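What follows is one structure encoded as structure tokens, with my remarks underneath.
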Amino acid sequence: MSKPLYQLKAEFFKTLAHPVRIRVLELLGEREHSVAEMLPEVGIEPANLSQQLAVLRRAGLVVARKEGSTVHYSLTSPQVAELLAVARQILTSVLTGQVELLEDLQGARVAASTARSR
Numbered sequence: 012m013s014k015p016l017y018q019l020k021a022e023f024f025k026t027l028a029h030p031v032r033i034r035v036l037e038l039l040g041e042r043e044h045s046v047a048e049m050l051p052e053v054g055i056e057p058a059n060l061s062q063q064l065a066v067l068r069r070a071g072l073v074v075a076r077k078e079g080s081t082v083h084y085s086l087t088s089p090q091v092a093e094l095l096a097v098a099r100q101i102l103t104s105v106l107t108g109q110v111e112l113l114e115d116l117q118g119a120r121v122a123a124s125t126a127r128s129r
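If you're matching positions, the sequence shown starts at 12 in my numbering and goes up one per residue.
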């Protein structure tokens, strides 16, 4: 019996639920990168980057192409980059709302403090 779609989606998002994997996908959304090109951008050891790339490969999000001794990675679909762009838009909207709420709360605190001191 096949898994329900919601379970497959949850597994997909679990694959994305790591900061290094998100950063790698962002880089690959720009263009193909070799491991050596990604290392300074992600700031982890080569072995750890290889592990994260393996997770992304198994999930079908990236593919590897070998050129001599260099391995180049790219996204399997531009929709992965589009998904990350939509996530950025959602986060921007949510965080903007939180900033506005914080400003409202701070304004209310200042008003209450001013009223008490009168």
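The beta carbon of each residue, even a glycine, is placed where N, CA and C say it ideally should be. Every value quoted in this text rests on a predicted model; they were computed, and no experiment measured them.
Below 8 Å CB to CB, which residues in the same chain sit around Arg36 once its five sequence neighbours on both sides are set aside? For clarity, residue 36 is Leu in the given sequence; the question names Arg instead. So the list reads Leu27, Leu67, Leu72, Val73, Leu86, Val91, Ala92, Leu95, once near-sequence residues are dropped.
ask   = What residues match up with Arg99 in a beta bridge as DSSP calls it?
value = Answer is none; Arg99 lacks a bridge partner.
task: Just mark Arg32 as buried or exposed, buried being the case when its beta carbon has 16 or more other beta carbons within 10 Å.
output: buried
Under a three-way DSSP split, which group does Glu56 fall into?
coil
### Message
Output needed for Ala75: all residues of its chain with C-beta closer than 6 Å, excluding positions within five of it in sequence on either side, in chain order.
### Response
Val82, Tyr84
Worksheet item: Nearest-angstrom Cα distance between Gly79 and Ser45?
Response: 12 Å
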